[in-house]
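Have a look at the structure below, then the notes.
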Amino acid sequence: MYKKIHIPKRTFTVIEELAERRLDYVLSFFTDLSRKEAKKIVENGLVLVNNKLITFPSKKIKKGDKIIMLEAEEESTPQPEIIYEDEYVIVVNKPSGLLTEKIGSEKGTALSEILKNKGRITYPVHRLDCETSGVIIFAKTASAKQFLIDEFKNRRVNKTYIGVVEGIIHPQKGILKGELRKSKEYAETHYEVMQILKSATLLKLMPRTGRTHQLRLQLAQIGHPIIGDKRYYNIKRTKIFFKRQALHSHRINFIHPETKRWVAFSAPIPDDLKRLIEDLRP
């Protein structure tokens, strides 16, 4: 699904001539990266300045600052995998790095655009964040779209996510429920601990409501943010580095809009998340 380019780990010390320059400029000075490529690497969470993760390319750098560019596999536009398709629905394994659909002035490539370019007319009925990978449904007819939207609204679609969070979660099973801090909306998620890792926990997450950023917010609110989450993970105290949020939509069960029978589809854990889990095993 990807064309990979290996980027080795590199370390630089800022010289006087580069003092007060932007971080992306400094990276392009020390490497053969373009400014655009350097900007992307910083935004993807692959650069440390004095051992602190920095994700904004405009940061001004001082003389003597130590910059570490982490080892990574840079990828071209990821391509989705079609898991199932009929006249009414299409189920896709969305790679991390694709928007579900573009809303307003959002930048980036959208899964809906890729499907359209492949000759498929689709209607989104739910969303995955750009950095979240995994299984997602699109309707292919207006009637299927309305049916599935109603199923989501009435909480008759069962979703299971796999996530890696900072810290050790107790107890082994539980329910996260209550208001989300910003929106004040009620949210509910059931969880199970799959494995205790080094300073982290591998979780199975089953949301019962579908609020925006629900899993990310709920876990951050209890002090166990999803590793790699650039919005809700406190980068000032980050201990584990991962280039995207460690969250994967693993399985979905729903009633088919035409047959009215329950169907289930799953997407395997992607290689980058597998490597993170393996690296964190005790």
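Quick note: the sequence shown, position 239, residue 239 per full-length UniProt numbering, numbers continuous.
Backbone N, C-alpha and C fix where the C-beta goes; we use that ideal spot for every residue, glycine too.
Assuming residue i is part of the alpha helix (DSSP H), what are its boundary residues?
{"i": "Tyr25", "result": "Leu23 to Phe30"}
{"i": "Arg275", "result": "Asp271 to Leu280"}
{"i": "Ala220", "result": "Gln214 to Gln221"}
Give every residue of the same chain whose Cβ lies closer than 8 Å to the Cβ of residue i, excluding the five residues on either side of it in the sequence, and list them in chain order.
{"i": "His248", "result": "Thr132, Ser133, Gly134, Tyr161, Ile162, Gly163, Ala267, Ile269, Pro270 and Leu273"}
{"i": "Met1", "result": "Model confidence at Met1 stands at a pLDDT of 42, short of 50, so the residue's coordinates are unreliable; what they give is reported in the following sentence. Cβ neighbours of Met1 beyond the five flanking positions: Pro78, Gln79, Pro80, Glu81 and Pro95."}
{"i": "Ala144", "result": "Tyr88, Val89, Tyr123, Pro257 and Glu258"}
{"i": "Ser28", "result": "Ser34, Arg35, Glu37 and Ala38"}
{"i": "Leu128", "result": "Lys94, Thr100, Gly134, Ile136 and Ser249"}
{"i": "Arg10", "result": "Phe30, Thr31, Ile68 and Met69"}
{"i": "Ala19", "result": "Ile61, Lys62 and Lys63"}
{"i": "Lys182", "result": "Leu217"}
Taking residue i and residue j to be in contact with their CB atoms under 8 Å, please state how far apart those CB atoms are, rounded to whole angstroms.
{"i": "Glu179", "j": "Arg211", "result": "Not quite, the Cβ-Cβ distance comes to about 10 Å (not below 8 Å), so this is no contact."}
{"i": "Thr100", "j": "Leu115", "result": "11 Å between Cβ atoms; not a contact."}
{"i": "Leu53", "j": "Phe241", "result": "6 Å"}
{"i": "Phe254", "j": "Val157", "result": "5 Å"}
Using only alpha-carbon positions, find the residue among the options that is nearest to residue i.
{"i": "Ala264", "options": "Glu85, Asp32 and Leu27", "result": "Glu85"}
{"i": "Ile175", "options": "Leu203, Ile227, Lys198 and Ala246", "result": "Leu203"}
{"i": "Ser58", "options": "Arg22, Asp32, Phe30 and Asn44", "result": "Arg22"}
{"i": "Leu70", "options": "Thr55, Leu48 and Ile90", "result": "Leu48"}
{"i": "Glu192", "options": "Ser183, Leu46, Ile168 and Lys182", "result": "Ile168"}
{"i": "Glu106", "options": "Lys230, Cys130 and Ile136", "result": "Cys130"}
{"i": "Lys140", "options": "Ile121, Glu278 and Ala19", "result": "Ile121"}
{"i": "Leu46", "options": "Trp262, Arg261 and Lys230", "result": "Lys230"}
{"i": "Lys177", "options": "Gln146, Gln221 and Ile149", "result": "Gln221"}
{"i": "Leu98", "options": "Arg155, Arg261 and Arg244", "result": "Arg244"}
{"i": "Asp24", "options": "Glu17, Phe12, Lys40 and Glu16", "result": "Lys40"}
{"i": "Lys260", "options": "Asn50, Leu148, Glu17 and Pro171", "result": "Leu148"}
Let me see if you follow: with CB-CB separation under 8 Å, is residue i close to chain B or not?
{"i": "Phe12", "result": "The displayed structure is made up of one protein chain only, and chain B is not part of it."}
Could you give the first and the last residue of the continuous beta strand (DSSP E) run that contains residue i?
{"i": "Arg10", "result": "Arg10 to Thr13"}
{"i": "Glu192", "result": "Tyr186 to Leu197"}
{"i": "Phe242", "result": "First-last for Phe242: undefined, no H or E at that position."}
{"i": "Arg251", "result": "Leu247 to Ile255"}
{"i": "Tyr84", "result": "Glu81 to Glu85"}
{"i": "Glu179", "result": "Lys173 to Glu179"}
Closer than 7 Å by C-beta to residue i: which residues in its own chain qualify, once you throw out the five before and the five after it? Chain order, please.
{"i": "Val14", "result": "Val26, Ile61, Lys62, Lys63, Gly64, Asp65 and Ile67"}
{"i": "Val165", "result": "Ala200, Thr201, Leu203, Leu219, His224, Pro225, Ile226 and Ile227"}
{"i": "Pro207", "result": "Lys159, Thr189, Gln214 and Leu215"}
{"i": "Gln195", "result": "Leu202"}
{"i": "Ala246", "result": "Gly163, Val164, Ile226, Ile227, Gly228, Leu273 and Leu276"}
Among residues of its own chain, excluding the 5 on either side of residue i, which ones have a beta-carbon nearer than 6 Å to its beta-carbon?
{"i": "Leu280", "result": "Leu197, Lys198 and Ala200"}
{"i": "Ile83", "result": "Val91, Asn93 and Phe265"}
{"i": "Tyr232", "result": "Arg216, Ala220 and Pro225"}
{"i": "Lys173", "result": "Glu192"}
Please indicate yes or no: does the CB of residue i lie closer than 7 Å to some heavy atom of the ligand FAD?
{"i": "Thr55", "result": "Among the components modelled here there is no ligand, and therefore nothing to report on the ligand FAD."}
* Every unbroken beta strand (DSSP E) inside the segment 42-68 [3 residues or more] -> 47-49
* **Start-end ranges of the beta strand (DSSP E) lying completely within the segment 113-157, minimum 3 residues** => 133-139
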